[in-house]
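Residue numbers (our numbering), protein chains in the order written: chain Z, -17 to 326; chain U, -17 to 326; chain L, -17 to 326.
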């Protein structure tokens, strides 16, 4: 695609086009990251990115950057075309959308799919080989169900969802529209509810369900459990990475982002816009406010107010944790100093 | 179901019925949690539960509670029927058993199941679509094998077990009776045994197997590895949540409960009645005594005696950890104070 | 197999045969660990192994040990045959290779496999029941693909690889030779790339792929994501345990070993020979040098130089962490002592 045409698309997009400089009309064949990019490719660079040093050696044909005069000057010295926007990452995402090789959209139901008579399938769906759909399950239109997916009975699925290979949806799950469930993820499995009785564990029946609202995306090998009563619910627009555990009865707000290996224990309530970094844990029944950010490996054991940034275990304010952690490294010296003072 | 009939069932159950008060004969249609419950529903409330405040506003028809006079008085002021038992959670579990919509029990072997000629299948089993059963595998009676399950060769399975969709059982696994293996869990995969040799990793063949004793339940996306020799074994009545790793040659006692994302490294020996909270790790070859409790994210790096409650990493007594953690937050102040004293 | 024949095999192997003593010519039927071994079995014992005490009670017929005079004397008092080698574990691995019951190698393509017309399958492959292979996928010779595996379109697979049941390979994945992918692992799923925009998450298209080089082995229920552009790559000979997350664009060197539940965030660069113990986390874009060792639960948040041994979170030198951790336990006392000094 000609660079001029790409610039036109950026102007129409959401990245906040500012200006272009040094433009050479050239055919752009693909997008790449700065350290790998070469002639006839386009790339982007954000403030403070480690890749910045590659500017002096790259052969890339075009760079999308923010309004950083120093960088612009540096690139101008080279024969590289420059596109300046408010948000280079957004512009790059829009360009990748053009170059992405979309998987060939198939339609129809594969002969080997096993679909219960009492289920209802909407129009324009693809149901791949070896897919199983249980009794009384209702599936809307334009859903894409990859091979090996198992959807149990009494499931309700809206429109435009994608289910990647071998994921499993248990009974009583409600999935709205435009959701993505990645491979080998399990939605609606039995919550871990056991009552100690005479040294053994008696099961609390898990009769509830799971609700995924619009635009929820869930990574690979995740688990979202159903509760004893009521619903485990994930709010609109929330994105979840791989190997994440969502316990029974958890309620997650809108537009959250959870990184890989996060675990949310049963009954926790998570607000809107919450960001949990990798391997964070949230205790059962804890309430996490809106827009909270927890850094990696944080253990949230008690309620957190709106907007807090927390770290460590037990979770504390991030700034405080950074200070305490830097003292932690010096503990042996401190202890020694204290012994010396004590002797005086 | 009429409330009087529910009370009769509770009397016959294991929750320790004490008395009922304020009983209005009404039709109970379902069970719910206190914050969601409304007319014609039944709920329960335990001591110190955060939901307690909902008593003043709920429309629920009946509440099961313990012998707490204050609570009883408070509920009596309302038109709510009260059922008093020793253990409200147990009574609620028994009621959920009544109201639970059981999945329709199917029987027989689906045409698309692929069962090796040398395998033996007991009576009253259900074997769903696309199930694979390998050579020389013996399956007892009344097992329920959901679609997409793969059971390899030389596996022995007793009676009354449930295998949820797409779980995988490797060779040399022995599963006794009344076990549950949830979706996408893998039992009997190769232990992670490699020997460093000339800068590369030489494989230690993993020729052993896995034994799940009676009433073991394992969540979704778990891994139970087989060892080089002998067996990885999980004791009777032990319950395991999602995304849990059980390393090769681990031996787990009876009636343990492990929360999600727990990891037990190879050769660890875990006693009876051990409770491990979420994201706990146990180092290889460590011995954990009976009835040990480890709080979330604890890292058990050395042997733990019977009955200990441990926290933190490296694991220490919970009480000690709580005290040290509270000082950790104040480390910057302490360091400052120490510098001041030192200057004097 | 006669013990003399086993000794011959050890002599030809890589364990560094030194001598044998006390040899009784006997038929060895199997290999076992010392605590379980009995007559007609062979076992091994390494320095400092807890199992050492079993020497005084075992009935095992032969023991492989290192050159430890004390141990040799102790065993000589019994009627046990002794084989002395440089590396007993390597010798034991070689013996297990003899006794291992190999799964019966099948050949051919099962009738229920669903293979796209445009794909190419090499010679001597086994493709099991319900396997799916997508368009334009090229599979080399002598691959073993167990039931339920899904391989998407545009995948390139070399020779001699094994894919265990129900694993999933997404598009644009390249797998070289002699690799193993265990059950329910997902290779090439979409990286977790979202850009915050107006309070919502806009997707960064993930158009890249994944490369597994020769001799890579990946455990069960792992995830290896593809990046926005370029490749996520795992170097030759690297071994990965279960439930591990490899983020988008991660580059891992040769001959690394990662234990269970490790998580590597997007864009991290890991050197050769790196060992990460269980539940270790590596932050995004961090660079970890060659031959680094991180102990369990370590959180690597910044670059680590070649050869370092790190622990804790934030990661610090292991020796320093051990000292600080031992002071951590005494923090309440230290704080008390400081208050006392302050009062004086």
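Note that beta-carbon positions come from the ideal geometry of N, C-alpha and C, so glycine has one too.
So, using beta-carbon positions, are residue i and residue j closer together than 8 angstroms?
i	j	result
residue 142 of chain Z	residue 164 of chain Z	no
residue 220 of chain L	residue 198 of chain L	yes
residue 94 of chain L	residue 119 of chain L	no
residue -8 of chain Z	residue 65 of chain Z	yes
residue 133 of chain Z	residue 115 of chain Z	yes
residue 126 of chain Z	residue 152 of chain Z	no
residue 81 of chain U	residue 12 of chain U	yes
residue 227 of chain L	residue 276 of chain Z	no
residue 233 of chain L	residue 255 of chain L	no
residue 77 of chain L	residue 24 of chain L	yes
residue 190 of chain L	residue 213 of chain L	yes
residue 284 of chain U	residue 203 of chain L	no
residue 135 of chain U	residue 63 of chain U	no
residue 200 of chain U	residue 162 of chain U	yes
residue 112 of chain U	residue 112 of chain L	yes
Rounded to whole angstroms, what's the CA-CA distance from residue i to residue j? Just pull it up for me.
i	j	result
residue 122 of chain Z	residue 88 of chain U	27 angstroms
residue 51 of chain Z	residue 57 of chain Z	10 angstroms
residue 287 of chain U	residue 257 of chain U	14 angstroms
residue 215 of chain U	residue 260 of chain U	21 angstroms
residue -3 of chain L	residue 71 of chain L	8 angstroms
residue 75 of chain Z	residue 97 of chain L	33 angstroms
residue 319 of chain Z	residue 28 of chain U	50 angstroms
residue 185 of chain L	residue 307 of chain Z	35 angstroms
residue 146 of chain L	residue 147 of chain U	16 angstroms
residue 323 of chain U	residue 315 of chain Z	15 angstroms
residue 238 of chain Z	residue 299 of chain U	35 angstroms
residue 225 of chain Z	residue 9 of chain L	48 angstroms
residue 207 of chain Z	residue 178 of chain Z	20 angstroms
residue 279 of chain U	residue 292 of chain U	11 angstroms
residue 31 of chain L	residue 68 of chain L	16 angstroms
residue 84 of chain L	residue 169 of chain U	18 angstroms
residue 236 of chain Z	residue 158 of chain Z	14 angstroms
residue 2 of chain L	residue 39 of chain L	21 angstroms
residue 331 of chain Z	residue 139 of chain Z	There is simply no residue 331 of chain Z to check, as chain Z begins at -17 and stops at 326 in what is shown.
residue 128 of chain L	residue 160 of chain L	15 angstroms
residue 103 of chain L	residue 91 of chain L	10 angstroms
residue -16 of chain L	residue 73 of chain L	16 angstroms
Assuming residue i contacts residue j (C-beta within less than 8 angstroms), just tell me the rounded distance between them.
i	j	result
residue 210 of chain U	residue 229 of chain U	Not a contact, Cβ separation roughly 12 angstroms.
residue 270 of chain Z	residue 253 of chain Z	6 angstroms
residue 309 of chain L	residue 313 of chain Z	4 angstroms
Report whether the distance from the Cβ of residue i to the nearest heavy atom of the ligand ATP is below 7 angstroms.
i	result
residue 51 of chain U	As far as ligands go, the structure on display features none, and thus does not contain the ligand ATP.
Looking at the strands, I want to know which residues DSSP matches up with residue i.
i	result
residue 9 of chain L	L/-16
residue 189 of chain Z	Its beta-bridge partners do not exist; DSSP assigns none.
residue 27 of chain Z	Z/47
residue 72 of chain L	Per DSSP, none; premise fails for residue 72 of chain L.
residue 281 of chain U	U/263
residue 135 of chain Z	Paired residues: none, contrary to the question.
residue 307 of chain Z	Per DSSP, none; premise fails for residue 307 of chain Z.
residue 126 of chain Z	Z/108, Z/144
residue 218 of chain Z	DSSP, once it has assigned bridges, lists no residue as partnering residue 218 of chain Z.
Using a beta-carbon distance cut-off of less than 9 angstroms, what residues from the stretch 304 to 322 of chain L approach chain Z?
305, 306, 307, 308, 309, 310, 312, 313, 316, 319, 320, 322
Contact list for the stretch 284 to 300 of chain Z against chain L, Cβ threshold 7 angstroms
none
Name the residues in the stretch 249 to 261 of chain L whose C-beta lies less than 8 angstroms from a C-beta of chain Z; which are they?
261
Using a Cβ-Cβ cut-off of less than 9 angstroms, list which residues of the stretch 122 to 145 of chain U approach chain Z; keep chain order.
128, 129, 130
In chain order, what residues of the stretch 50 to 73 of chain U put their CB closer than 8 angstroms to some CB of chain Z?
69, 71, 72
In the stretch 193 to 222 of chain U, which residues sit with their C-beta less than 7 angstroms from some C-beta in chain Z, listed in chain order?
201, 202, 203, 219, 221
Which residues of the stretch -9 to 10 of chain Z have a Cβ closer than 8 angstroms to any Cβ of chain L? Give them in chain order.
-4
Cβ-based contacts, 9 angstroms cut-off: residues of the stretch 152 to 166 of chain L near chain U
162, 164, 165, 166
Listed from N- to C-terminal order along the chain, which residues in the stretch 28 to 46 of chain Z have their beta-carbon within a distance smaller than 9 angstroms of any beta-carbon of chain U?
none
Beta carbons nearer than 8 angstroms to chain Z: which residues of the stretch 263 to 283 of chain U have them?
278, 279
Residues of the stretch 174 to 185 of chain U with a CB closer than 9 angstroms to any CB of chain L: list them in chain order, please.
174, 175, 176, 177, 178, 179, 180, 181, 182, 183, 184, 185
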